[in-house]
Structure formats: structure tokens, C-alpha cells
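Chains E and V, in that order, are what the protein sequence lines are. Take 1 as the starting number for the first sequence in the working numbering and just add one per residue. Take 1 as the starting number for the second sequence in the working numbering and just add one per residue. Just so it is clear, CB atoms sit at the ideal spot from N, CA and C, and this is done for glycine as well.
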Amino acid sequence: MLTKPGIDALGPNAASAPPDASPTPPALPRYEALPDAPLVTIEPGKSWSALDLRELWDYRELLYFLIWRDVKVRYKQTVLGAAWAVLQPLFMMALFSLLFGRVAGIDTGAVPYPLFAFVGLVPWTFFANAVTTSSNSLVSSTHLISKVYFPRLLVPAGAVAACLFDFALSFLALLGMLVYYRVSPTANLLMLPALVALMAGFALGVGMWLSSLNVKYRDVRFVLPFLIQLWLFASSVILPSSAVPERLRWLLYLNPMSGVVEGFRSALLGLPFDWRAIGVAATATAVVLVYAAYSFRRTERSFADII
Amino acid sequence: MRPIVRVENVGKLYQLGSSGAAYGTLRDTLAEAVRSPFSRWRGDAGAATSEQSFWALRGVSFDVRPGEIVGIIGRNGAGKSTLLKILSRITEPTTGRIELYGRVGSLLEVGTGFHPELSGRENVFLNGAILGMGRDEIEKKFDEIVAFAEIEKFLDTPVKRYSSGMYIRLAFAVAAHLESEIMIVDEVLAVGDAQFQEKCLGKMGEIARGGRTVLLVSHNVGIVSSLCTRAVYLADGQLRSEGPAEKIVGEYLSEALESKVHDLERLRPAGMGERVKFLDISLASTEGSHVEVGRPLEFLLTIRSEDDMRGLSIGASIFNVVGACVGSLITREEFSVRAGEVVCLRLKVSALSLAPGSYYSGFSIGRGGHEVRRADLDAVLGVPSFQVLPISDNYLFTNWQLGWGSVIFKDTLLTVVGDVEV
Numbered sequence: 001m002l003t004k005p006g007i008d009a010l011g012p013n014a015a016s017a018p019p020d021a022s023p024t025p026p027a028l029p030r031y032e033a034l035p036d037a038p039l040v041t042i043e044p045g046k047s048w049s050a051l052d053l054r055e056l057w058d059y060r061e062l063l064y065f066l067i068w069r070d071v072k073v074r075y076k077q078t079v080l081g082a083a084w085a086v087l088q089p090l091f092m093m094a095l096f097s098l099l100f101g102r103v104a105g106i107d108t109g110a111v112p113y114p115l116f117a118f119v120g121l122v123p124w125t126f127f128a129n130a131v132t133t134s135s136n137s138l139v140s141s142t143h144l145i146s147k148v149y150f151p152r153l154l155v156p157a158g159a160v161a162a163c164l165f166d167f168a169l170s171f172l173a174l175l176g177m178l179v180y181y182r183v184s185p186t187a188n189l190l191m192l193p194a195l196v197a198l199m200a201g202f203a204l205g206v207g208m209w210l211s212s213l214n215v216k217y218r219d220v221r222f223v224l225p226f227l228i229q230l231w232l233f234a235s236s237v238i239l240p241s242s243a244v245p246e247r248l249r250w251l252l253y254l255n256p257m258s259g260v261v262e263g264f265r266s267a268l269l270g271l272p273f274d275w276r277a278i279g280v281a282a283t284a285t286a287v288v289l290v291y292a293a294y295s296f297r298r299t300e301r302s303f304a305d306i307i
Numbered sequence: 001m002r003p004i005v006r007v008e009n010v011g012k013l014y015q016l017g018s019s020g021a022a023y024g025t026l027r028d029t030l031a032e033a034v035r036s037p038f039s040r041w042r043g044d045a046g047a048a049t050s051e052q053s054f055w056a057l058r059g060v061s062f063d064v065r066p067g068e069i070v071g072i073i074g075r076n077g078a079g080k081s082t083l084l085k086i087l088s089r090i091t092e093p094t095t096g097r098i099e100l101y102g103r104v105g106s107l108l109e110v111g112t113g114f115h116p117e118l119s120g121r122e123n124v125f126l127n128g129a130i131l132g133m134g135r136d137e138i139e140k141k142f143d144e145i146v147a148f149a150e151i152e153k154f155l156d157t158p159v160k161r162y163s164s165g166m167y168i169r170l171a172f173a174v175a176a177h178l179e180s181e182i183m184i185v186d187e188v189l190a191v192g193d194a195q196f197q198e199k200c201l202g203k204m205g206e207i208a209r210g211g212r213t214v215l216l217v218s219h220n221v222g223i224v225s226s227l228c229t230r231a232v233y234l235a236d237g238q239l240r241s242e243g244p245a246e247k248i249v250g251e252y253l254s255e256a257l258e259s260k261v262h263d264l265e266r267l268r269p270a271g272m273g274e275r276v277k278f279l280d281i282s283l284a285s286t287e288g289s290h291v292e293v294g295r296p297l298e299f300l301l302t303i304r305s306e307d308d309m310r311g312l313s314i315g316a317s318i319f320n321v322v323g324a325c326v327g328s329l330i331t332r333e334e335f336s337v338r339a340g341e342v343v344c345l346r347l348k349v350s351a352l353s354l355a356p357g358s359y360y361s362g363f364s365i366g367r368g369g370h371e372v373r374r375a376d377l378d379a380v381l382g383v384p385s386f387q388v389l390p391i392s393d394n395y396l397f398t399n400w401q402l403g404w405g406s407v408i409f410k411d412t413l414l415t416v417v418g419d420v421e422v
């Protein structure tokens, strides 16, 4: 009977060990009784499998680390660092104030145009960044997706969540601006958390859907910047929605970002809410989220094969 | 005992795609939709492309019992990596079912998800989370991981400033501390320097002895036969055989030897073998690809020449499991060939004390090499591979460790010179 050469004494000192040094005795196998049902069953998937919330919960720490990584890495090796989160909407505000406030003279009621624009630009910048980064998130995580298993949903979700950090910073700048313009807070502020949730939920829905589409069709990457620019004009950031004729306004409201931006103005500037707009936005967001989750789950299984 | 991993009739069908690209563009899909607008609704997406699909894996079934170390071997393209990807849930099977009765940790590469901008400390946490460790678990093992990687001083340096050695050490350290009942390991060992590979091997042996279940994919039959208790041999996506590691490795090696004529073309560097070439290189021994420790090695070389040539000699090198050259020779004897002639040569290497283990060889036909620079006319690297068994009639060395090298110094003499006054 042959005995296999052992590999016990490996390491830097192995060469100097005498050949007859007895190897450590093999430990007794220490497996516990096996569970009756398999912990994991791998099968060809069905076309519709429900969102596995329990599994998502099990992987919450990974989500946390993915967000933390994105936040930490984003402004590495930049001089201005996280200030960019504030500068982006500020520059846009300056530009818009000049073009639309001064030159075009858009009527924004009692609200000064720079404030009007900035209140809209803060959620808008979040949305644009969140959709862009989450749409590209799966493709840029190829190395993870082809090497290790975890719920793929964490990738676009993490990207959206990391953008909330930037949003928080630019929101601080917005608060500063409200103080500067002596806007006093009203009870409308209480709606703000709901609006932020709506905004993040919609960004997640769009980002999730586009990210899975991007895995198969890299066209998404080229369409997206263009799409985002167009989307800006349909989101009541530059013009108040009242500038759109009444009978076409429902079209504007079909875009949840329009409702979110107007909602932000009402909440922060103490203007009356347009509940119809917010209701439509919430419904549209719910539809987009459900469809995106369905579409994502359906294609998720083949990501590793086609990415 | 009940199996901890049960693989039943698993198959994986890959679509090669109409354009040959792995992912389509919107244009292709739109064009396809125009051509056959209803196929999507009929649900027979495969009908048009069936000839462009192939089974990377088909009808594979086997069980793994708790505590077994199972090696998965096979040639390139045999389906090893596909099986591994299915087992680690990266891709899903087209047919069949796999049941896993334990937590799975899969190491298809080391350092998955390492971010170059983050520090070593941060990457340990990130990588650990990606591999499926909880934060508490990582915190508990953090010191151990850092000590294993030997990077204490550079913990807070971004890993992009690490040397590649440090990077790999840290990456492997995290992976090695993953504790799950079932470990799925790809050729993680194929990276790093020889010393690090030894360390990895040692750690793998430790994991193996700890009673965990390991599925290991490797090209390296030496590692499979020394680490694994059982082996699964895949060929063309199907299960060729399974059983005790040594038996299956032997089977695999002898089959690899049979298909060597085809192999030689692939093992020949560009520009070689134009005027004269090897048709076949094999071991002359009757026991297939095994040779007992201390015994001479005999090779049979079949050569065909396109020209009349004189003064040719044979060069040969032997490489060990990790690809390090153990030694070389250039024959003193010279031979000549005539155009169109096929000659068979026998090469015997006697004074050889290779340690037990797996080896492969490389051969060349050329001129010179002793006093003048050698010029090779043909070279083939990789065959034959053979195993030196740790036992022979008059010699026994069953406890040779990989870390001791590949050569046994024999004919040693230890004598007592006399007492020394202290």
C-alpha cells in the first residue's frame, strides 16, 4: 500500500525539518449532523421567482460594505474631495440663474430664481448621479459577478445608496441657502422624508432596470447621458410646472421626478403641495420598482454568462 | 453517511450567439425581432440557434460526503470551471439539481473585490464581506489574517502601493480564514511565488485535516493526488470516472498520454519543428506514467525529418509540480537523420534521484549546447508527465515533503569522528 507524501511541514522552516519529524496527527473530522433539508438547492430557475427578501437581509452587511466602499473611494485623489457633491449643483444653479433667471426672465413667483433652481437641483443631481452610477454598476462589477455569489440586487442598490451621501452634503448647502434667503421652516417640512424615500425609490427602480439591461445591451451606456439631459428638462427643475399648460401637465407628472422636485419646493419653501402630482409620482414609482425588480430577477441568473 | 453535496444530472448549455459576441447589441435583437417576431411569445428562443449552442456540462452526477477532499480534474474545456461556477451559484445550471447541506465558501480567485484605493485593513473587511463573512467574524479573525499575510506594517497603506506579493498574501489570508462547511476552491494556488504556493498548500492541507469538505479544481494532478481523497474526472463536459484520487489521477494521466500526438502540436513553440520534429514522446516503462523512486527514467522519442541532417542531439528538462525546472540534460551522443525518415530513439536517464511527486518534461532536438550555444530545431514542452512513486524494491521514502524540493541527495555518509571535549 502506498502512502502519499505528506504536506504537513510546509513553510519556511520545512526544508530544515528532519525527514522523520512526525507530522501533526490528523484531527478527527469535526462535522456536525447534517441538516435534513439542503441549505441551498441549485436548480434551473423559473421565469418568475419572488424577491428573496430574507436572503437580502442575510447579505445586509455586504450592502453596507459596498456603500461604504463607494463613499470612501469616490473622492479619492481629488483636491476638492467631497466638496464636489456641493459644487456640482451650485455650478448648475449659477448657470441656470444666469440663463433662465436673468436672460430668459422666467417667473418663479415670490421665490428668487437661484433658490428656486437650487431646491430642484439638489434632488435632481442625486437622481442623475444615482441613475448613472447604478446603471453602470453591474458592468463595472464584472470581476465580482463572475467570481462570487451574492444577491446581484445589492450592486445597483449600493450605488444608489452611496449617492444619498452626496445628497446629504448638498442638502446641507441647501439649508445654508435657505438661511441666507431667510426662509422660515413650516410644517411642510414633515413631508421631506417621504419625498426623499420617493426620490431614492424611483432612482433605484430606474437604476436597477437599466443596470440589468446594460449587462446585455451596452448601448445603455451611450444612451444614458443623453437621456439624463433630456430628463432634466421634463423634471420641473428649470421651469415651474405651472409654466406648462394645464391640459398637458399630467404628462409632466407621469415623470415622478417632476413630482419630487415640486414636492421639495413645497416642503422647503412652505408652498402648498400638489397632492395629485405626488400621488401620481408615488404610483409611477411603485410600478417602476415592481417592474424593475421583476426584470432584474429574470435576467439576474444569466448575468455571469453574458457580462 | 449522507452526502453533504449532491449533484444530480447537472448540465449547462451555452448559447454562442449569432454574432459570436458574448453579449448582443440592441440592433441585433431588434433585427432578430423583425425576422421572427413571434418567437419570443412562443417561448422557443433556442430553435433558431440550436446549432450554435453547446453543452459545457452534461448529465454530471456525483455525491460528496462530509470531510472529503474531492479533486475535480480534466483537460482544458472539460467543464471543470463551469461545474465550479454552478456549485458556487455564479451561474445556474440548464438541467439538473444540486443540493448543498452546508454553508458554502467559494474561492474562485483570491482578492475578489479588492479595491486599489482602500487600505489593507479596509480591504480585509470588504473582501471578507464579499466572501460571505460577517463583520464580527472578520473582526475576530483580523489579527490572525494580518499575521498570516505578514503585512502588519502596511495595514493602512492603500493596496495599490503594495507589491504584487503582498497583495496576493493578503488576499489569500482573507480567503484562508473563511470558515464554511463546504469550500469550493479553484486554482488559487497558481499565483504567487514558490514559497507562497507552499504556504497556501500547507494551509489547504490544514483545512483538509480540519474535517471540512473541500471541492478543489486543479490542472495540477500532483496537488490533487497529494491533497485529495477522491477525484472526479471530467471529459468533454461529462463525468468520465470518479473514485479514489490516486486511481483517477492515474487514469487521467494515461488518457492524457494517449492523446499526446494531438497535444504535441499545442506544446510546440512557434517556429519550431519545421525541418525536423518530434512525432511522439513517451515513457518507455510498462507501468504507464509511474516510475518508482530511484529507478532510471526511459523515454521513447519518435522523430521525423524533412531534410538530411547530422550532428543532432537531444535536450531534456524535467519540471516539478509548481513548474520549476528540476534539471536538464543534453545528450553527448549525436545522431543523423535523412529526409523523410522516421527514427525512434531511446533515452535513458540513470543517475537521477527525483523525489516522489509529479513531474513533466520538455524535449528538444538541436545542435550544440555543451561548448557552444545550443540551437534548437524542435522543442516540445509539457510531455510526458509522470509520477515518481515513493516506494521501490530497495528504497522507501513515503514521507517526502513538497517543501524539501525535488531532488533526494542519496549516497550520503554520516560518520562519527570521535568525542569532542567540552
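Straight-line gap, residue i to residue j (C-alpha atoms, nearest Å)
i, j, result
"residue 6 of chain V", "residue 84 of chain V", "14 Å"
"residue 171 of chain E", "residue 109 of chain V", "41 Å"
"residue 224 of chain E", "residue 132 of chain E", "7 Å"
"residue 212 of chain V", "residue 70 of chain V", "11 Å"
"residue 397 of chain V", "residue 295 of chain V", "13 Å"
"residue 275 of chain V", "residue 297 of chain V", "28 Å"
"residue 388 of chain V", "residue 146 of chain E", "38 Å"
"residue 263 of chain E", "residue 81 of chain E", "30 Å"
"residue 265 of chain V", "residue 381 of chain V", "10 Å"
"residue 103 of chain V", "residue 10 of chain V", "20 Å"
"residue 221 of chain E", "residue 305 of chain E", "19 Å"
"residue 286 of chain E", "residue 202 of chain E", "8 Å"
"residue 252 of chain E", "residue 234 of chain E", "6 Å"
"residue 160 of chain E", "residue 181 of chain E", "31 Å"
"residue 72 of chain V", "residue 92 of chain E", "58 Å"
"residue 29 of chain E", "residue 68 of chain V", "Any reading at residue 29 of chain E needs caution, since the residue's pLDDT is 47, under 50, leaving its predicted position unreliable; the model's value is listed next. Distance between the alpha carbons of residue 29 of chain E and residue 68 of chain V: 9 Å."
"residue 255 of chain V", "residue 248 of chain V", "11 Å"
"residue 253 of chain V", "residue 198 of chain V", "24 Å"
"residue 163 of chain V", "residue 151 of chain V", "11 Å"
"residue 39 of chain E", "residue 215 of chain V", "17 Å"
"residue 229 of chain V", "residue 217 of chain V", "13 Å"
"residue 234 of chain V", "residue 8 of chain V", "15 Å"
Proximity winner among the options, relative to residue i (alpha-carbon distances)
i, options, result
"residue 56 of chain V", "V:13, V:88 and V:156", "V:13"
"residue 386 of chain V", "V:225, V:184, V:214 and V:366", "V:225"
"residue 312 of chain V", "V:149, V:364 and V:150", "V:364"
"residue 259 of chain E", "E:40, E:135, E:199 and E:72", "E:199"
"residue 58 of chain E", "E:153, E:193 and E:249", "E:153"
"residue 77 of chain E", "V:118, V:399 and V:96", "V:118"
"residue 155 of chain E", "E:134, E:165, E:195 and E:174", "E:134"
"residue 53 of chain E", "E:307, E:302, E:297 and E:268", "E:297"
"residue 52 of chain V", "V:63, V:16 and V:62", "V:16"
"residue 359 of chain V", "V:373, V:221 and V:343", "V:221"
Distance between beta carbons of residue j and residue i, contact taken as under 8 Å
i, j, result
"residue 426 of chain V", "residue 204 of chain V", "Missing from the structure shown is residue 426 of chain V; chain V here goes from 1 to 422 and no further."
"residue 116 of chain V", "residue 159 of chain V", "6 Å"
"residue 112 of chain V", "residue 143 of chain E", "7 Å"
"residue 116 of chain E", "residue 163 of chain E", "Between residue 163 of chain E and residue 116 of chain E the Cβ distance is about 23 Å, and since that is not below 8 Å, they are no contact."
"residue 69 of chain E", "residue 170 of chain V", "Between residue 170 of chain V and residue 69 of chain E the Cβ distance is about 16 Å, and since that is not below 8 Å, they are no contact."
"residue 284 of chain V", "residue 346 of chain V", "6 Å"
Opening and closing residue of the alpha helix (DSSP H) in which residue i lies
i, result
"residue 163 of chain E", "154–180"
"residue 115 of chain V", "It is not in any alpha helix (DSSP H) - residue 115 of chain V carries neither H nor E in the DSSP assignment."
"residue 129 of chain E", "113–140"
"residue 87 of chain V", "80–87"
The beta strand (DSSP E) enclosing residue i, as first and last residue numbers
i, result
"residue 214 of chain V", "213–217"
"residue 221 of chain V", "From DSSP, residue 221 of chain V is part of no beta strand (DSSP E) but of the alpha helix (DSSP H) over 221–227."
"residue 336 of chain V", "335–337"
"residue 311 of chain V", "309–320"
"residue 376 of chain V", "375–389"
"residue 437 of chain V", "Because chain V here runs from 1 to 422, residue 437 of chain V falls outside it and cannot be looked at."
Cutoff 8 Å: residue i Cβ touching any chain B Cβ
i, result
"residue 134 of chain E", "Chain labels in this structure do not include chain B; the protein chains are E and V."
Residue i Cβ short of 7 Å to the ligand ADP heavy atom set
i, result
"residue 104 of chain E", "By its list of ligands, the structure shown contains no ligand whatsoever, and the ligand ADP lies outside what it can speak to."
Handout entry: Segments assigned alpha helix (DSSP H), at least 4 residues, entirely inside the stretch 152–180 of chain V
Key = 164–176
Problem - Runs of beta strand (DSSP E) lying entirely within the stretch 217–267 of chain E, each at least 3 residues, in chain order - result: none
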